[in-house]
């Protein structure tokens with residue numbers, strides 16, 4: 020069923036479980052129509068069963084490996100075919116170091132242990148998918164004068180942490196892309212911001228072998244309050260910012276919470292420096 024004129028439509032990649040699943044549920048709870056994309060078809064089926072009948076009417080699940088040729092285009096076409104438009108893109112798909120070695124926290128991976136195939140896979144999933152989807156939906160968003168792109172990256176320290184030679188650099192590239200996207204979209208009605216949990220989060224990206232007390236980790240649901248504000252009309256003037264969900268105080272009005280939890284997207288301060296020819 021097409022979305023109503025006032026109803027927003029979101030695509031969430033990596034949307035079956037973990038942080039993605041929490042954000043899908045949060046958006047559905049706020050009345051948004053959502054396309055949840057993930058390569059894990061059984062997890063998508065479980066998500067659809069879990070959200071309830073009313074929300075299920077506004078949910079489209081899309082099982083695909085978004086690194087495959089043409090997969091990004093097919094996802095956007097599916098969203099438009101079901102709901103008629105795309106207003107919100109949450110670039111959340113990602114893979115972590117546990118896919119290379121589950122005990123990577125105790126036995127950190129050195130960069131020379133990474134195969135070229137693994138390096139390329141991390142860049143594809145953690146950065147290229149977001150680039151492909153964003154370049155497809157941005158023109159439509161600009162034409163309608165409204166759009167929200169939210170990129171889920173990681174803590175800046177993780178980008179440079181030893182033992183993270185594929186995850187860190189691929190997320191750093193993703194955040195650099197977000198800064199450029201925000202600049203290119205300035206004044207169009209389309210914003211681009213970064214949202215991160217702010218610490219180790221209880222998802223499958225952190226293997227059980229890591230040995231953390233899962234109850235003491237950040238839970239995926241902390242991402243929902245800042246996300247809902249970022250995609251709202253009230254955040255229309257907010258772009259090129261990164262927000263730490265762990266610092267978001269839900270007791271405050273959202274604009275005040277955003278002020279406390281936000282900072283410029285990484286490296287944007289350097290972008291204002293003059294370029295001196297050498």
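In our numbering, the protein residues as written are 20 to 297.
Beta carbons: idealized from backbone N, C-alpha and C, even for Gly.
Residue i versus residue j: straight-line alpha-carbon distance, rounded
i	j	result
residue 157	residue 53	17 Å
residue 179	residue 187	6 Å
residue 46	residue 140	29 Å
residue 29	residue 282	24 Å
residue 104	residue 153	14 Å
residue 253	residue 121	41 Å
residue 280	residue 204	23 Å
residue 73	residue 272	28 Å
residue 286	residue 233	32 Å
residue 274	residue 39	23 Å
Contact belief for residue i with residue j at Cβ below 8 Å, rounded distance in angstroms
i	j	result
residue 144	residue 42	Wrong, their Cβ atoms sit about 17 Å apart, outside the cutoff.
residue 185	residue 131	With a Cβ gap of about 12 Å, residue 185 and residue 131 do not count as contacting.
residue 79	residue 97	7 Å
Within 8 Å, strictly: CB atoms of residue i and residue j
i	j	result
residue 116	residue 123	yes
residue 284	residue 198	yes
residue 94	residue 81	yes
residue 244	residue 210	no
residue 89	residue 128	no
residue 60	residue 36	no
residue 27	residue 51	yes
residue 150	residue 21	no
residue 57	residue 33	yes
residue 85	residue 55	no
residue 206	residue 165	no
residue 259	residue 196	no
residue 248	residue 277	yes
DSSP state of residue i mapped onto helix, strand, coil
i	result
residue 165	coil
residue 283	strand
residue 109	strand
residue 152	helix
residue 203	helix
residue 270	coil
residue 118	helix
residue 212	strand
residue 85	coil
residue 59	coil
Stretch pair the stretch 210-221 + the stretch 157-176: three plus CB contacts closer than 8 Å: yes
Kindly confirm or deny that the stretch 238-245 and the stretch 190-204 touch, where touching means at least three C-beta pairs closer than 8 Å. no
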